[in-house]
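Written as structure tokens, this is what we have:
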């Protein structure tokens, strides 16, 4: 199948440095002479319709998050974008004349010095066999030399440890679609296994564990293993995640080549996630410490001098209140929901997934509701609980979680006993443009994944820099956030990775918690009996059944600690001055989580280039 790749270039301007880079994306087009043979035979209609076969490749993005769906079209997409990009890279390498006297560059020795290919997860893993194919088959480079060039060029970033998310392609699909790449993968795997066998004679099980090819009823290619053997550096995206990568996911590979493994904690861009979305906050910060923080976020540390400054405390609280009023007005205008702007804005926005435990948040909402119902006159901290995020189209449980959130909201938001003490809102169509509105307005950021499941998270960082306090588990980048700001300035609760592992060894029994904790039992019984779905009492039986009998993410095990921790959140919120001081300390300690720091580390420690702060002269000034 012949496909033409058409480049679409998006300019990416740097911040006030007169530099514009391009992000090149590819679109699949049928070439103009596509299927002309059929046309000459007389089947003109068929020939025109067949153009769709080629153009379908870039028609739709697979919208899964942390889930591998082994569809042939997806494999075609992955190869299409890899092949187009590599041809482009090599074309550019050959035509650049640096350190080369040939009219056309034919020597690839210097390729890794000029080119870095960062494999962002395993999705572009075919870069490894494709680069080998081009070097060996097309450019006639010696196999071992080609392998050395490939390894020095490629580096791999792992983004998840969930087994269902790892790409494992059936060998049969490769035989049909990419036979030459399969041959190359087999050869690379043989080379790799020979080396392992030499170092660990007779350890057959290690060979099985480390092979790129998984044997079984359906032979599969483990793309993560291919990435590890074909890269000179492998990294996770937060320290705890990189430790898990070394000690469990790629343990055998780490023992073989420990020097390959690194950590690069994720970051976010302060231009979008502070200046652009929260100009009020950016202004009062600049007023106190100048504008240097915009390009060097570590300068936020200077705010520590103002933690007890009454004017600054008042200004920070005022900006937050303005953002809340603005978002409340937006919600009323867009979704006709009225919310109490003086309530605590308690926000969990992220993809809907069992491991992210939106269900734990739901159980807290129900518990709060039951407490208000049983004692309506007791004063409490008013809350608006907002949960937003998209579910993958085929993920039934995620869809049921959304249904549960909206159903809980229907009951709570229309109960006259509750009034404006508690509201539960599902934020629909959550996307970057909505994140830019809700994050600056949030008081509480929920980061409550089961310890050891969220590789890093970046929403956690966005909330931190925008003056929300975090309630969260010791997972992903939360660990480093707590380290930067001090654990006492976040609301940390629940099992650590070690506790989760211990519970796995012992065996997690949800019923134990259900029997022991009356408020948990009441909440589950209400979901189960149809209290939140009176027109369809059995609506949530799948959800309850999962929680009670096969919950991989142990929601009940953290329920008690979570509810208790939420009580501490309420206590602090009742003291606005102390709350705001913690907010200031969080903002002041968020500097590490700038993507500028992350990219600098990739540049120095993986790509072998020094970042430069040079500002090129604007086009209206003569160059030096």
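Residue numbers (this note's numbering): 15 to 638.
Glycine included, every Cβ here is placed at the ideal spot set by N, Cα and C.
Anticipated Cβ contact below 8 Å, residue i with residue j, distance rounded
i           : j           : result
residue 284 : residue 311 : 5 Å
residue 224 : residue 239 : 7 Å
residue 538 : residue 561 : 7 Å
residue 483 : residue 333 : Contact doesn't hold; Cβ gap of about 15 Å is too wide.
residue 244 : residue 165 : 6 Å
residue 608 : residue 421 : Going by Cβ atoms, the distance from residue 608 to residue 421 rounds to 40 Å, so no, they are not a contact pair.
residue 406 : residue 77  : 6 Å
residue 629 : residue 32  : 6 Å
residue 620 : residue 252 : At roughly 16 Å, the Cβ-Cβ gap does not stay under 8 Å, so residue 620 and residue 252 are not in contact.
Where the beta strand (DSSP E) containing residue i begins and where it ends
i           : result
residue 600 : Looking at the DSSP string, residue 600 is not in any beta strand (DSSP E); the run it does join, the alpha helix (DSSP H), is 590-602.
residue 461 : 458-461
residue 42  : 34-43
residue 188 : Per DSSP, residue 188 belongs to no beta strand (DSSP E); it is in the alpha helix (DSSP H), 185-191.
residue 424 : Counting along the chain, residue 424 falls outside any beta strand (DSSP E), though it belongs to the alpha helix (DSSP H) covering 410-426.
residue 440 : 436-441
residue 453 : Unbroken run through residue 453: none, as it is neither H nor E.
residue 614 : Careful: residue 614 lies outside any beta strand (DSSP E), inside the alpha helix (DSSP H) at 609-616.
residue 361 : 358-363
residue 263 : Premise fails: residue 263 is in no beta strand (DSSP E) and is neither H nor E.
residue 656 : What the structure shows of the chain is the stretch from 15 to 638, and residue 656 is not part of that stretch, so it cannot be assessed.
residue 249 : 248-250
Test item: CB-CB of residue i and residue j under 9 Å
i           : j           : result
residue 473 : residue 453 : yes
residue 554 : residue 418 : yes
residue 441 : residue 358 : no
residue 181 : residue 136 : yes
residue 145 : residue 139 : no
residue 371 : residue 256 : no
residue 565 : residue 616 : no
residue 21  : residue 35  : no
residue 227 : residue 235 : yes
residue 387 : residue 429 : yes
residue 29  : residue 399 : no
residue 93  : residue 195 : yes
residue 250 : residue 496 : no
residue 175 : residue 248 : no
residue 366 : residue 403 : yes
residue 356 : residue 390 : no
Straight-line Cα distance separating residue j from residue i
i           : j           : result
residue 438 : residue 362 : 11 Å
residue 352 : residue 491 : 34 Å
residue 611 : residue 16  : 42 Å
residue 10  : residue 543 : Because the chain in this structure spans residues 15 to 638, residue 10 falls outside the shown range and cannot be described.
residue 601 : residue 461 : 17 Å
residue 320 : residue 510 : 33 Å
residue 527 : residue 103 : 57 Å
residue 368 : residue 410 : 11 Å
residue 130 : residue 393 : 60 Å
residue 340 : residue 347 : 11 Å
residue 505 : residue 281 : 21 Å
residue 241 : residue 160 : 16 Å
residue 108 : residue 148 : 13 Å
residue 569 : residue 380 : 14 Å
residue 489 : residue 447 : 26 Å
residue 501 : residue 478 : 14 Å
residue 485 : residue 606 : 19 Å
residue 266 : residue 344 : 52 Å
residue 273 : residue 142 : 20 Å
residue 627 : residue 635 : 19 Å
residue 305 : residue 338 : 25 Å
residue 66  : residue 44  : 8 Å
residue 39  : residue 432 : 51 Å
residue 587 : residue 360 : 11 Å
Residue i, enclosing alpha helix (DSSP H) - first and last residue
i           : result
residue 82  : Looking at the DSSP string, residue 82 is not in any alpha helix (DSSP H), and its letter there is neither H nor E.
residue 158 : 157-167
residue 725 : Residue numbering for the chain in the displayed model covers 15 to 638; residue 725 lies beyond these limits and cannot be assessed.
residue 19  : Per DSSP, residue 19 belongs to no alpha helix (DSSP H); it is in the beta strand (DSSP E), 18-27.
residue 375 : 372-388
residue 556 : 555-563
residue 73  : Neither: residue 73 is in no alpha helix (DSSP H) and is coded neither H nor E.
residue 242 : 237-243
residue 219 : 218-224
Any beta strand (DSSP E) of 3 or more consecutive residues that is wholly inside the region 265-331: For secondary structure counted as the beta strand (DSSP E) over 3 or more consecutive residues, the region 265-331 holds these complete runs in sequence order: 275-277.
At what residue ranges does the region 512-544 contain a whole run of the beta strand (DSSP E), taking only runs of 3 or more? Listed in chain order, there is nothing to give.
If we require 3 or more residues per run, which beta strand (DSSP E) segments fall completely within the region 90-149? Within the region 90-149, the complete beta strand (DSSP E) runs of at least 3 residues are 131-134.
Every unbroken alpha helix (DSSP H) within the region 464-511, with a cutoff of 4 residues, ordered by chain: Listed in chain order, the complete alpha helix (DSSP H) runs (minimum 4 residues) inside the region 464-511 are 473-479 and 492-499.
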